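*Asks:* For the sequence shown, this note's numbering assigns the number 213 to the initial residue and increments by one for each residue that follows.
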Amino acid sequence: MATDYGNGSASDKGFHSGSVNEAKKITVDEKMVAEPLDEYGMPDKLKVTKSLVIRKAELMAKQYDTWFLKSLFLFSAFLCSFGYGLDGNIRGIYMTYAMNSYSTHSLISTVGVISMVISAVAQVIYAGLSDVFGRLSLFIVSIVFYVVGTIIQSQAYDVQRYAAGSVFYSVGLVGVMLQVILVLSDNSSLKWRLFYTFVPAWPSIITTWVSGNVIETANPEDNWSWNIAMWAFIFPLSCIPLIACMLHMRWKVRNEPEWKELQTEKTYYQSHGLIQTVVQLFWKLDVVGIILLTVGTGCILVPLTLAGGVSTQWQSAKLIAPFVLGFVLIAIFIYWESKLALAPIAPFKMLKDRGIWAPLWIMFLIAFVYQMAAGYLYTILMVAVDETDLSATRITSLYSFVSAIFAPVLGFIVARSSRLKPYMVLGCSLYFVTMGLFYRYRVGKDAHQGVIGAMVVWGICSCLFDYPVTVSIQSVTSHENMATVTALSYTIFSIGGAVAASVSGAIWTQLLYPKLLEYIGDADLAEAAYSSPLTFYLDYPWGTPIRDAMVEAYKHVQKYEVLIALVFTAPMFILTFCLRDPSLTDDVAQKLNDGEYVETSHDDPISEWVTSRFSKLRHRE
């Protein structure tokens with residue numbers, strides 16, 4: 213049966229509205245004590261189910277115990293990742309052409325914000341549901357959302373309908389990505405976790421070069437709709453091998469005595485039915501908190517991307533009202549999470565440890581820095597560097613290729629050294645070089661080599677730093693908490709991207725059109741260059757006055773985008789030293805005692821060195 217967690221009482225967290233009405237204080241009576249408890253000492257009826265699902269996952273993973281079966285499993289994950297990876301490389305470009313066809317190019321960031329906000333909260337829901345219904349069920353559900361969103365996007369004839377499709381697509385995509393990572397994590401030890409985590413990145417070795425050819429051949433200017441639609445068929449096919457592997461694991465384990473014993477245990481759903489399960493999930497997933505966070509964040513971030521452009525709209529009530537409402541909802545969300553929520557989105561006891569909060573902040577900053585520096589990179593390459601569809605597509609995905617090339621080597625090195633943090637410190641330090649190159653080489657013909665150099669260094673950063681962050685947060689907690697912390701890290705990543713997209717979009721909309729008008733000198737031409745740049749620039753070859761004016765305007769705007777990215781690289785580097793660095797073992801996760809959430813009994817050479825230097829400095833003073 214499940215282990216009881218959280219020996220503390222409800223008062224440890226303030227799990228009541230005592231400050232408002234003491235009479236409403238929730239307590240744990242003697243009858244409840246026999247039930248599984250959550251971290252706040254409250255009954256957690258779904259904990260039995262969660263433990264059952266985890267134990268089944270561990271038994272299924274043991275069935276693939278030969279190199280052939282492990283290779284088959286990794287290859288199936290590779291094929292699935294290849295499907296959504298190739299689609300991801302070109303879907304963003306298709307969105308650029310879609311927005312261009314609607315004459316709403318500047319709204320790229322708006323659609324991006326909406327998608328990332330939805331993606332953020334979807335991660336939390338998927339994590340909770342996957343521990344109740346299993347990885348395979350949620351994987352299939354994610355595929356359905358992916359397909360539905362793809363179909364809606366392909367048939368959209370305005371930005372509103374495209375954004376609606378993006379919501380479904382994003383929910384499906386993040387679900388697929390999370391389940392792939394969780395399945396890979398379930399089937400790997402901590403020592404080999406990074407190697408397995410790199411599997412979804414390996415397709416970049418191929419997609420970086422193939423995606424450009426797909427874009428060039430498919431003629432996205434006229435056929436972007438069909439180019440999106442075909443992935444409603446292609447992607448599900450790429451998932452079949454991984455689904456087959458998971459079903460094969462279940463078939464192989466069917467005769468194991470321990471599995472037969474587990475089959476006699478009932479999940480909460482089997483024991484209580486759908487309605488009772490939905491009620492429990494409503495509170496366990498903190499649906500109220502999720503709604504408050506989603507709507508509040510969206511109301512704050514979306515107006516930032518809409519306020520500028522040809523005419524300033526900050527005085528408009530349709531922007532001011534949601535902006536104010538967003539801050540009100542966030543305030544309500546904070547109060548709800550701290551005083552009223554039965555199961556807050558964030559596990560507070562885990563968040564107190566630097567092994568959890570440091571990588572979460574890092575995930576936020578990774579997404580923020582990326583979106584600020586590269587949010588409009590494809591358009592800049594096409595318009596202001598004079599790249600072709602083929603070269604621009606390859607350049608934008610080059611960092612993924614470089615990361616995938618180095619990934620297997622780093623995976624083996626980490627498995628041998630059983631340490632992760634030193635490589636992350638090195639990787640994060642290279643971020644300064646990357647952003648410096650982006651600032652120096654923003655526009656112009658000479659930017660071609662500079663941007664390529666920046667993307668190569670960025671790829672090394674991604675290999676040494678970005679991917680290991682997920683392993684870092686997984687390495688300090690138990691298997692039962694692995695889905696929670698993984699989803700939470702991806703949630704924070706999506707929020708970071710959403711915030712950056714809104715800031716980037718605000719800079720783009722506020723500054724680009726005035727600069728185009730200043731340099732071009734014609735309001736009609738400036739508006740056309742702003743609304744549909746990928747169509748407009750074709751009429752003005754490189755070296756013409758109008759094209760030169762566009763290049764100068766892009767140079768001015770991109771300066772601020774990259775500078776902000778560079779500034780936020782500094783706190784990311786500082787946070788890297790706060791990470792824990794446990795020795796990576798042959799276990800799937802840390803084996804923690806009851807009431808423990810993070811492994812703290814280990815040596816941390818880097819943190820100890822920093823602490824010792826600081827102590828010596830204070831002693832001298």
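Just so it is clear, CB atoms sit at the ideal spot from N, CA and C, and this is done for glycine as well.
This one's a predicted model, so the numbers in the text were calculated from it and none came from an experiment.
#1: Give the single residue among Val336, His660, Gln770 and Thr308 whose Cα lies nearest to the Cα of alanine 555.
#2: With a threshold of 6 Å on Cβ separation, who are the neighbours of glutamate 242 within its own chain once the five nearest residues in sequence on each side are excluded?
#3: If you measure between the beta carbons of tyrosine 306 and tryptophan 436, is that distance less than 9 Å?
#4: Which same chain residues, not among the five before or five after threonine 646, have their C-beta less than 7 Å away from its C-beta?
#5: Spatial neighbours of phenylalanine 650 within its chain, please: C-beta separation below 6 Å, excluding the five flanking residues on both sides.
#6: In or out: glycine 733 buried (at least 16 other Cβ within 10 Å) or exposed?
#7: Compute the beta-carbon to beta-carbon distance between serine 423 and leucine 298, rounded to the nearest angstrom, for a pair I have assumed lies under 8 Å.
#8: Taking the beta carbon of tyrosine 369 as the centre, do at least 16 other beta carbons fall within 10 Å, making it buried, or is it exposed?
#9: Residues in its own chain within less than 7 Å of lysine 616 by CB, not counting five upstream and five downstream?
#10: Is valine 789 helix, strand or coil by DSSP?
#11: Looking only at C-alpha atoms, which of Ala269, Glu473, Trp754 and Ile707 sits nearest to valine 597?
#12: If the criterion is Cβ atoms closer than 9 Å, does the pair threonine 605 and isoleucine 320 meet it?
#13: Taking all protein chains shown into account, do 16 or more other C-beta atoms lie within 10 angstroms of the C-beta of serine 813, making it buried, or fewer, making it exposed?
#14: Between the region 339-352 and the region 704-712, are three or more C-beta pairs nearer than 8 Å?
#15: Where aspartate 793 and serine 401 are concerned, what is the direct C-alpha to C-alpha distance, given to the nearest angstrom?
#16: Could you give the DSSP three-state label for leucine 602: helix, strand or coil?
#17: For the region 261-280 against the region 468-480, do three or more pairs of beta-carbon atoms, one drawn from each stretch, fall closer than 8 Å, so that the two count as touching?
#18: In the region 671-727, which residue ranges form an unbroken beta strand (DSSP E) of at least 3 residues, counting only runs that do not cross its ends?
#19: Can you name, in chain order, every residue of its own chain whose Cβ lies under 6 Å from the Cβ of isoleucine 542, other than the five neighbours on each side?
#20: Taking all protein chains shown into account, do 16 or more other C-beta atoms lie within 10 angstroms of the C-beta of proline 680, making it buried, or fewer, making it exposed?
#21: Can you grab the Cα-Cα spacing for the pair serine 630 / glycine 538, in whole Å?
#22: According to the Cβ coordinates, are leucine 602 and isoleucine 427 closer than 9 Å?
#23: Report all residues from its chain with a CB closer than 6 Å to the CB of alanine 801; omit the five preceding and five following residues, and keep chain order.
#24: According to DSSP, is isoleucine 454 helix, strand or coil?
#25: Mind reading off the beta-carbon distance from alanine 570 to leucine 728? Whole number of angstroms is fine, and I expect it under 8 Å.
#26: With respect to the alpha helix (DSSP H) encompassing tyrosine 358, which residues constitute its N-terminal and C-terminal limits?
#27: Going along the chain, which residues of its own chain have a beta-carbon closer than 7 Å to the beta-carbon of isoleucine 664, five neighbours each way excluded?
#28: Got a sec? Which residues, its chain only, sit under 7 Å from proline 515 by beta carbon, not counting five neighbours each side?
#29: Please classify methionine 442: does DSSP put it in a helix, a strand, or coil?
#30: Evaluate alanine 269 with the Cβ neighbour count: other Cβ atoms within 10 Å of its Cβ, from every protein chain shown; 16 or more gives buried, anything less gives exposed.
#31: By Cβ distance below 7 Å, which residues in the same chain neighbour tryptophan 573 in space, the five residues on each side in sequence not counted?
#32: When the Cα atoms are used, what is the spatial distance from lysine 564 to glycine 656?
#33: Comparing C-alpha positions only, which one of Ile452, Cys457 and Asp816 sits nearest to leucine 796?
#34: Give me, in chain order, the residues of the same chain whose beta-carbon lies closer than 7 Å to that of phenylalanine 613; leave out the 5 immediate sequence neighbours on both sides.
#35: Using three-state DSSP, classify glutamate 810 as helix, strand or coil.
#36: Just the Cα atoms here: how many angstroms apart are alanine 627 and methionine 784?
*Replies:* Quick look at the numbers:
#1: Out of Val336, His660, Gln770 and Thr308, Val336 has the C-alpha closest to the C-alpha of alanine 555.
#2: Reliability fails at glutamate 242, whose pLDDT of 38 lies under 50, so the model's placement of it is uncertain and the value that follows must be treated cautiously. Same-chain partners within the cutoff: there are none.
#3: Yes; because the gap between Cβ atoms is below 9 Å, this pair is in contact.
#4: Here the set comprises Ala666, Val669, Trp670 and Cys673.
#5: Counting only Cβ-Cβ distances below 6 Å, and skipping sequence neighbours, we find Ala585, Ala666 and Val774.
#6: Here glycine 733 is exposed, its C-beta having fewer than 16 other C-beta atoms within 10 Å.
#7: Taking a contact as a CB-CB distance under 8 Å, the pair serine 423 and leucine 298 counts as one, their CB atoms being some 6 Å apart.
#8: Of the other Cβ atoms in all chains shown, fewer than 16 fall within 10 Å of the Cβ of tyrosine 369; this residue is therefore exposed.
#9: In the sequence as presented, lysine is not what sits at residue 616; that position holds alanine. Answer for alanine 616: Ala413, Trp414, Ser416 and Ile417, listed in chain order.
#10: The sequence as given places phenylalanine at residue 789; valine does not occur at that position. For phenylalanine 789, the secondary structure class from DSSP, reduced to helix, strand or coil, is coil.
#11: Of the listed residues, the one whose Cα sits closest to valine 597 is Trp754.
#12: Cβ atoms of threonine 605 and isoleucine 320: not closer than 9 Å.
#13: Burial call: exposed.
#14: Under the Cβ criterion (8 Å, minimum of three pairs), the region 339-352 does not count as touching the region 704-712.
#15: Separation of aspartate 793 and serine 401 (C-alpha to C-alpha, rounded to the nearest whole angstrom) is 16 Å.
#16: In this structure, leucine 602 counts as helix in the three-state DSSP scheme.
#17: The region 261-280 makes contact with the region 468-480, as at least three CB pairs between them are under 8 Å.
#18: None, since the region 671-727 contains no complete beta strand (DSSP E) of that length.
#19: Closer than 6 Å at the Cβ level, and outside the excluded window around isoleucine 542, lie Gly508.
#20: Around the beta-carbon of proline 680, 16 or more other beta-carbon atoms lie within 10 Å, marking it buried.
#21: Between serine 630 and glycine 538, the C-alpha separation is close to 45 Å.
#22: Yes. Within cutoff.
#23: Ser690, His691 and Met694.
#24: Residue 454 is actually leucine in this sequence, not isoleucine. In the displayed model, leucine 454 falls within a helix according to three-state DSSP.
#25: About 42 Å separates the two Cβ atoms, so there is no contact after all.
#26: The continuous alpha helix (DSSP H) containing tyrosine 358 extends over residues 347-367.
#27: Contacts found: Ile607 and Leu610.
#28: The beta carbon of proline 515 is closer than 7 Å to those of Leu531, Pro534 and Phe535 in its chain, skipping five residues each way along the sequence.
#29: Coil at methionine 442, not helix or strand.
#30: By the 10 Å Cβ count, alanine 269 comes out buried.
#31: Taken in chain order, the residues that qualify are Leu787.
#32: CA-to-CA, the gap between lysine 564 and glycine 656 works out to about 48 Å.
#33: Leucine 796 has its Cα closest to that of Asp816, out of Ile452, Cys457 and Asp816.
#34: Once the five neighbours on either side are set aside, the close Cβ partners of phenylalanine 613 are Ser416, Ile417, Thr420 and Gly671.
#35: First, the amino acid is wrong: residue 810 is valine here, not glutamate. Annotated three-state conformation of valine 810 is coil, per DSSP.
#36: When rounded, the distance between both Cα atoms is 25 Å.
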